[in-house]
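Notes follow once the structure below has been shown.
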Amino acid sequence: MEISLLNGAFLGVIYGLIAIGLVVVYRVTRIINFAHGEIGMIGAFVFADLWLDHDLPLVLAVGAGIAVSALLGVITEFVVIRPLRGQPRLTVMVGTLGVSSLLLVYAVRRYSPRPRFARPVIEGNGFEIAGLLVRPVQILTLVVALAILALLALVMFKSSFGLRLRATALDSEAAAEVGVRVGRVSMGTWAIAGAIAGLSAILVSSQVVFSAFFMSRLMLRALAAALLGGLTSVTGAFAGGIFLGMAEGVIGFQWIAPGAVEASLAVLVMAVLIVRPKGLVAAEY
Amino acid sequence: MPNSTDTRSASFASRLREKLRSHRPTTKTTLQIGLPTVLLLLIAPITSDVTLFKIGLLLLFAVAAVGLHVLVNWAGELSLAHAGMVGLPALVVAKLSSDHNLSPLELAPIGILIGFALGAVVAATARRVSGLYVTIVTLAAGLAIDRFFFTKPWLVGTGNLKLTAPRLAGLEFGSIQAIYPIIVVVFIGSVFATRRLLDSKLGRALLTVRSDPTIAQAQGINVPAYRAAAYMFAGALAGLAGGFMPLWAQRVTPDSFPLELSFTYLAVVVVAGRGSINGVLGAALLIEGFRQFLSGTSFIAAYLGPVALIVTLTRFPGGLNQFGRMIGGQLAGVVGRFRPGRSPGDAEG
Amino acid sequence: MNALLQVDNVSVRFGGLQALDDVSLDIAPGEIAGLIGPNGAGKTTLFNAIGGLVPLRSGGITFDGVDIHRLPAHRRAGLGIGRSFQNLGLMQEQTVETNLLAGLHLNAGYGVLSPLAQPARFVAAEGASRESVTAALDAVGLGDHHQRVVADLSFGVARLVEVAGLLSRHPQLLLLDEPTTGLDAVESEQLKAVLRDAVASGTTLLVVAHDVGFIMDLCRVVHVLAEGRVLYSGSPTGAQNDHRVIESYLGSARR
Ligand SMILES: Nc1ncnc2c1ncn2[C@@H]1O[C@H](COP(=O)(O)OP(=O)(O)O)[C@@H](O)[C@H]1O
Ligand SMILES: [Mg+2]
């Protein structure tokens, strides 16, 4: 039981990490970026290609993977978000769904839908906590997630970009009037979110079945985590992810029927929305 | 005296006019329904069974797409569970048919009920929260159907269901040629029933809700109820399509309803654009028809859905319907020159 | 006391802002009442409170003897309260006819499933709706505007379309939010005429307007609102001479 809780918590770190990227976009554009997972997935594939097939040094490969994802974020902003500014939110979300489907089709055709080999970015024997063998990459994921949270807080509240970003998030028209270049803020946001997606995907790739679908499969859990955190709070989303992971650990332990976790997740999402339509955590800016 | 005959003849004339007026749409409707039905039925004898099978699948696909069209393009909502809402009813009907030796034709209507019920579950949240959150619910519901219900042998069998031969009221429908007219009736019936509903207070209420819920409320429209109704309607049409799937395909497995199929349905209604059902039929033919009939060119088939969706959304937001209205307007202009006194009609509906 | 609408001690808050502060007023049946006050006084908010679009913090609202302040907005519309919107209560992308037919939702004369279940009834009722749309547009001189898209109309014409639609529903009480803003002199006269006709056939009016001439012409009673409070209720001429009213306008002009 403790083991499944702890194991779940480390799963939850993954969900939380992906959820952070979703929240970053949601805060500025008020939409859910359904392409987040696939943007990261492509970055992770590029990383794996370079590191494992072309023997590039780890740091360069990671950097390239993150850069590709950041670029995909920028392209998404340019191709879909920008032309749809001012449209209903659901329309913009449909646009991101289109991007997600496009990237998935590309990956499946280029790399086949079959799982491929993934090597953790740091290896080692790991160590035992309360009977659970924790691998170094799991610890690294947790550390990276916390670092991203700290960095985001710094950017958000200490930098001028953060100020412009918060202004845009509050009221993009008013922000534009006082001289904020809303387009650039939006593009910067999507670049950051893309980079986070790439980094998350690279870290996660060795912890799950690494196929073209590996990030898509985590999307709903990340989204549910973000929802538990009220969609606008990065720390809330991360906490929501860990909560979900622990819940999944317990449910998966008690009830091993296939799809039990997904069914519970659907019930949870509906229950949360019916009981607390405004989200569980109030917005923070 | 002359005065009274006057009124009597006037009232007779007005009654006659009234009668004529109430008959005119019926003749028009008969034509609108009859012509496509006859055309679709005429296809059957001149095609191979393989082609006819694909046409039938395409017609059922279109029925489900029409349901999503009402939800997306009329009510302004979004569902990512549409494949599940087609698939679950299909699998339940197939399972019942195989377990209890019942005709899939007699069971088909159960599909509507299951689809409606699934829509009602989603609608329960639609009454409480707005579009973006309901979208998350539909995503969760779609995934739950796919991973939970589709993996349960008590529901979907073990993948090799042996269906009972279709029969209804003592008649056996042994061949695909014999079943085809049923599919045509389902298709034509749902398209025209939907068209009629959209061209009534229901459709206009949905338009108002999409445009501005505040205005809708002030006009006496029960906004949450209509939004919920849109989800239930979409579910019911998905269920209808799914319910007839076992009859037509004879073999249905969860693999026929992958999660990506929900996206394909969405791409079709986006490419269709707001307004008429005609756009949906065109888009279904374009996207799903391409996949069915030209799957040899798999490169285009694979990218067609997402690319068509993105391009339509960002470059031609009116979709095929806008295109149709433009052509329709031109035609009406030409016709109007020959028939003065007739104004070009509203293309919506 | 036989008021059609009775607003009792209504307060509405938006966060820290007291938009309505203990507002009370009565509207008698058949009356044309004016509601005036500087921008931000709470006039639109009062309409929203009556219509059920904002929750009350305290107070009550009675309409035609029924306590309505807990009813959802669509039920209040069902009781016969119609309203126009300051920035047009129309679907911009739809035709005039579609808009007016949509507005007849409650007067459609058939159930949601009738188009399939009772086609004859549906066809007859739709015919009647279309006729009343035609009559409503004819009454404002826009008989040839059925197929025009609202977004293509001038603001003044669109406003007349909105009011025509509202009147085609024969509301018991009609709340008009700045209907004269953006209208030219001719349109304004036209509006006055149709409103007088509407009152003659039994509609009660509460009109917000900045156009003093319009109010003086049309209304026998005005209510003056400033900073969420009722400053004055009485005859229009009395309002012009009331020092608090003058002050509130001057004060807001100076600000
Ligand atoms: N939905 C709302 N949320 C917050 N403040 C509002 C809202 N509606 C109106 N207000 C505020 O309430 C005050 C009264 O507004 P309003 O009723 O629109 O005034 P009027 O119609 O008399 O010009 C204004 O200060 C306005 O900013
Ligand atoms: Mg106002």
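Chains as they are written, first to last, in the numbering used here: chain V, 671 to 955; chain E, 6 to 354; chain U, 413 to 667.
Glycine is no exception: its CB is placed at the ideal position from the N, C-alpha and C atoms.
List the residues of chain E whose Cβ lies closer than 8 Å to the Cβ of residue i, in chain order.
| i | result |
| --- | --- |
| residue 503 of chain U | 212, 213, 216, 217 and 220 |
| residue 759 of chain V | 136 and 137 |
Based on the DSSP output, what are the partners of residue i in its beta bridges?
| i | result |
| --- | --- |
| residue 798 of chain V | V:803 |
| residue 475 of chain U | U:417 and U:478 |
| residue 644 of chain U | U:636 |
| residue 495 of chain U | U:587 |
| residue 426 of chain U | U:429 |
| residue 438 of chain U | U:418 |
| residue 470 of chain U | U:423 |
| residue 561 of chain U | U:507 |
| residue 445 of chain U | U:618 and U:633 |
Using a Cβ cut-off of 9 Å, pull out every chain E residue sitting near residue i, in sequence order please.
| i | result |
| --- | --- |
| residue 699 of chain V | Under the 9 Å cutoff, chain E gives no residues; its nearest Cβ is about 12 Å from residue 699 of chain V. |
| residue 779 of chain V | 303, 304, 307 and 308 |
For a cutoff of 7 Å on Cβ pairs, would you count residue i as touching chain V?
| i | result |
| --- | --- |
| residue 76 of chain E | no |
| residue 315 of chain E | yes |
| residue 133 of chain E | yes |
| residue 156 of chain E | yes |
Just the Cα atoms here: how many angstroms apart are residue i and residue j?
| i | j | result |
| --- | --- | --- |
| residue 331 of chain E | residue 305 of chain E | 28 Å |
| residue 415 of chain U | residue 485 of chain U | 21 Å |
| residue 490 of chain U | residue 336 of chain E | 42 Å |
| residue 161 of chain E | residue 119 of chain E | 14 Å |
| residue 72 of chain E | residue 243 of chain E | 6 Å |
| residue 255 of chain E | residue 926 of chain V | 32 Å |
| residue 210 of chain E | residue 141 of chain E | 25 Å |
| residue 428 of chain U | residue 472 of chain U | 21 Å |
| residue 869 of chain V | residue 714 of chain V | 8 Å |
| residue 309 of chain E | residue 323 of chain E | 18 Å |
| residue 238 of chain E | residue 75 of chain E | 8 Å |
| residue 353 of chain E | residue 740 of chain V | For residue 353 of chain E, the predicted structure reports a pLDDT of 42, less than 50, and the residue's modelled location is therefore unreliable. The matter cannot be settled from this model. |
| residue 661 of chain U | residue 629 of chain U | 20 Å |
| residue 101 of chain E | residue 107 of chain E | 7 Å |
| residue 796 of chain V | residue 56 of chain E | 59 Å |
| residue 105 of chain E | residue 112 of chain E | 11 Å |
Give a yes or no on whether the minimum CB-CB distance between residue i and chain U is below 7 Å.
| i | result |
| --- | --- |
| residue 102 of chain E | no |
| residue 255 of chain E | no |
| residue 335 of chain E | no |
| residue 37 of chain E | no |
Is the shortest distance between the beta-carbon of residue i and the beta-carbons of chain E less than 7 Å?
| i | result |
| --- | --- |
| residue 495 of chain U | yes |
| residue 467 of chain U | no |
| residue 619 of chain U | no |
| residue 520 of chain U | yes |
| residue 517 of chain U | yes |
| residue 490 of chain U | yes |
| residue 945 of chain V | no |
| residue 942 of chain V | no |
| residue 753 of chain V | yes |
| residue 650 of chain U | no |
| residue 594 of chain U | no |
What does residue i touch in chain E if you count any residue whose Cβ is under 7 Å from its own?
| i | result |
| --- | --- |
| residue 527 of chain U | 201, 202 and 205 |
| residue 513 of chain U | 209 |
| residue 506 of chain U | 212 |
| residue 534 of chain U | 205 |
| residue 897 of chain V | 141 |
Name, please, each residue of chain V whose Cβ falls closer than 7 Å to the Cβ of residue i.
| i | result |
| --- | --- |
| residue 310 of chain E | 771 |
| residue 270 of chain E | Ordered by position in chain V, no residue passes the 7 Å Cβ test against residue 270 of chain E, which lies about 12 Å from the chain. |
| residue 130 of chain E | 940, 943 and 944 |
Just the chain U side, please: which residues come within less than 7 Å of residue i by C-beta, in chain order?
| i | result |
| --- | --- |
| residue 227 of chain E | 486 |
| residue 198 of chain E | 528 |
| residue 327 of chain E | Simply none; closest approach about 11 Å. |
Identify the contact partners of residue i in chain U, using a Cβ-Cβ distance below 8 Å as the criterion.
| i | result |
| --- | --- |
| residue 277 of chain E | By Cβ distance, chain U contributes nothing, its closest Cβ being about 16 Å from residue 277 of chain E, past 8 Å. |
Please compile the residues from chain V whose C-beta is within a distance smaller than 8 Å of the C-beta of residue i.
| i | result |
| --- | --- |
| residue 81 of chain E | 758 and 760 |
Taking 5 Å as the limit, tell me which residues put their C-beta closer than that to any heavy atom of ligand 1, in chain order. U:426, U:431, U:451, U:452, U:453, U:454, U:455, U:456 and U:457
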